[in-house]
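First comes the structure, then the notes that go with it.
Number of protein chains: 2
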Amino acid sequence: MIIKIGELAKISGCSVQSIRHYEKEQLLSAKIRSDGNFRLYDQADIERLLFIKYCRSLDLSLAEIRQLLSLNDSPMSQCDDVNQMIEQHIEQVERRIAELTLLNKQLKALRGSCTSKRTVEHCGILKQLNKAVSQNN
Amino acid sequence: MIIKIGELAKISGCSVQSIRHYEKEQLLSAKIRSDGNFRLYDQADIERLLFIKYCRSLDLSLAEIRQLLSLNDSPMSQCDDVNQMIEQHIEQVERRIAELTLLNKQLKALRGSCTSKRTVEHCGILKQLNKAVSQNN
DNA sequence: ATTGACTCTATAGTTACTATAGACTTTAAA
DNA sequence: TTTAAAGTCTATAGTAACTATAGAGTCAAT
Ligand SMILES: [Zn+2]
Ligand SMILES: [Zn+2]
Ligand SMILES: [Zn+2]
Ligand SMILES: [Zn+2]
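Right, dumping it as structure tokens:
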């Protein structure tokens, strides 16, 4: 089964532009083109794109996915690199969760300091922000 | 006390370039320049920049900060807008935390499926990724 | 006067896309 | 067979909040 980019987009749920983008980034290429230069894809391409899409849903970067794909393509290499990459990625996600959790706390405190219907002059939020600044200063 | 951009950067902990960037984005401007066209800042500018920096640490966008600053500059306006913005920002942060928490779980499961020192061919991580893809398919 | 540190503007790069413009191809109907 | 709509092509610009240059000018101290 051979399909054009529009159908690949439909099947995969990726946009046409992002498929072209993945090609530019060397993640996925149409091995053949039509007479009129249209990209043509087969089943293996569909699977490769779904792999990419799933990895993106794990927030892996295109560079990381490129690495995974190339390892996937050379089955005899060692998997330490994959391992380490996932490990680092997990650490990054956990750091970000910690950051956002703290942020959330601060934002909620901020929100709590405003009882609507006031003029900005008396707004608890802006008061708090200005206070936070002068304390840091 | 009048300072040049380098010292403002030191005092605030912002980079020189990002201070210039905030100027381009209309958040902070040096009202005066030296004869040789150097930006000159005073105490009020320092405080404004610290305000910006603190808001950035809350992950507020430059557009949001611009809005806060302009409200801060017109004390008689109502604070509903501020309120609503913070509210939306909190919701966004909470959505992101939820997303990342789910992600973290998936990534940990993935990591658990690899016992190093194997060839990629037998790597649990890649097996899992490929499996996830074919299930979605 | 000269040196070194600082600053200026303008431009390109980062990430993973999205959105155009303008031209060409394919498919289907008239 | 002509024509029109829909799809595709490349190239380029825009997104967010910066960072990093290049090349030129300025300032402070010796
Ligand atoms: Zn990563
Ligand atoms: Zn308020
Ligand atoms: Zn926001
Ligand atoms: Zn492994």
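Residue numbers (the working numbering), protein chains in the order written: chain A, 66 to 202; chain B, 66 to 202. We treat Cβ as the ideally placed atom computed from N, Cα and C, and that holds for glycine.
Cβ contact (3+ pairs, closer than 8 Å) linking the segment 170-187 of chain A and the segment 82-101 of chain B: no
Near ligand 4: A/N148 beta-carbon under 7 Å from a heavy atom: Yes, since a heavy atom of ligand 4 falls inside the 7 Å radius drawn around the Cβ of A/N148.
A/G177: CB within 7 Å of a non-hydrogen atom of ligand 2: no
Alpha-carbon spacing of A/R98 relative to A/M66, whole angstroms: Taking the straight line joining both Cα atoms gives about 14 Å.
Reference B/L134, options B/E152, B/A109, B/T166 and B/V158, closest by Cα: B/A109
Where the alpha helix (DSSP H) containing B/R85 begins and where it ends: V81 to K89
Residues that A/Y108 bridges to, as DSSP identifies them: Residue identity differs from the one stated: residue 108 of chain A is Gln in this sequence, not Tyr. DSSP lists no bridge partner for A/Q108.
A/N102 classed as buried or exposed, judged by whether at least 16 other C-beta atoms fall within 10 angstroms: So A/N102 counts as exposed.
B/R160 CB to nearest heavy atom of ligand 4 below 7 Å: Residue side-chain check: B/R160 keeps its Cβ at 7 Å or more from all non-hydrogen atoms of ligand 4.
Partners in chain A for B/S80, counting only beta-carbon separations shorter than 9 Å: None at all; the shortest Cβ gap to chain A is about 17 Å.
Residue list, Cβ distance to ligand 3 heavy atoms smaller than 6 Å: B/L125, B/S126, B/E129, B/H154 and B/Q157
B/C179 beta carbon less than 8 Å from that of A/N148: yes
Contact set between the segment 79-103 of chain B and chain A, restricted to residues whose Cβ is under 9 Å from the partner: none
Neighbour list for B/Y106 in chain A, Cβ cutoff strictly below 7 Å: Here the premise fails: no neighbours, minimum Cβ distance about 14 Å.
Element boundaries [alpha helix (DSSP H), containing A/H154]: Its alpha helix (DSSP H) spans residues D145 to G177.
Selection of the segment 165-179 of chain A by Cβ proximity to chain B, strictly under 9 Å: L165, T166, L168, N169, Q171, L172, K173, L175, R176 and C179
Whether A/I76 touches A/I117 by CB criterion (8 Å): Going by C-beta atoms, A/I76 is not nearer than 8 Å to A/I117.
Through-space distance from B/I190 to A/K96, alpha-carbon basis: A straight-line Cα-Cα distance of about 27 Å links A/K96 and B/I190.
Proximity below 8 Å, CB of A/L172 to CB of B/I151: yes
Whether A/I70 touches A/R113 by CB criterion (8 Å): no
Environment of A/L123 [buried if 16+ CB atoms lie within 10 Å]: buried
Any chain B beta carbon closer than 8 Å to A/M66: no
Identity of the residues DSSP links to A/T184 by a beta bridge: B/Q143
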